[in-house]
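The structure appears right after this line, and notes come after that.
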Amino acid sequence: MGYYIDESGELVVVFDPGVDIEAWRRRMAPHLGKGNVEYRTESCPRSQEDLLRIQDEIEPDFFTKPSEIAFSTSPDPATCTVRVESDLFTREDIRRLIDRFGAAISLVTTPGSPPERA
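For our numbering, add 1315 to where a residue sits in the sequence shown, where the first one is 1.
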């Protein structure tokens, strides 16, 4: 699935549901400095395939003013969601995103995200 560095600086490796994490550890041990690399593992309730499918569904046509919207999407292993960013979303856009995707997305509407549409 992916990885991220948490707030304490620890490496977190995130797996799709159903992955045998112990088998993965045995295979990766020789490549992780014989166990000297500190990390923890987590399982995501959604697969990478699920997140990519959701990401593909979020296209400009989804929004109320598609010609005026600038946004970005990316699978986020830290939250097991598709991160959707824009400071141009209307309340209707946000409602539609939440109604359609629920907890499978995380919205970032901070001013300046993402860059303005060229």
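Virtual Cβ for every residue (Gly too), placed ideally from N, Cα, C.
Keep in mind it's a predicted model, so treat the numbers as computed, not measured.
If you follow the alpha helix (DSSP H) that glutamate 1337 is in, where does it begin and where does it stop?
1336–1343
What three-state label does DSSP hand leucine 1326 in the structure shown?
strand
Under 8 Å, with one C-beta from each stretch per pair, do the region 1369–1379 and the region 1331–1346 reach the 3-pair mark?
no
Are the CB atoms of cysteine 1395 and arginine 1361 within a distance shorter than 8 Å?
yes
Using a 10 Å radius around the Cβ and a threshold of 16 neighbouring Cβ atoms, would you call aspartate 1414 buried or exposed?
exposed
Buried/exposed call for alanine 1433, threshold 16 Cβ in 10 Å
For alanine 1433, the predicted model reports a pLDDT of 46, less than 50, meaning its position is unreliable; a value from the coordinates is still stated below. It counts as exposed.
Got a sec, what are the start and stop residues for the alpha helix (DSSP H) arginine 1406 sits in?
1406–1416
Looking only at its own chain, which residues have a Cβ that is under 8 Å from the Cβ of glutamate 1325, when we skip the five neighbours before and after it?
Glu1353, Tyr1354 and Arg1355
Arginine 1411 to arginine 1398 span [Cα, whole Å]
15 Å
Per DSSP, aspartate 1391 forms a beta bridge with which residues?
Thr1396
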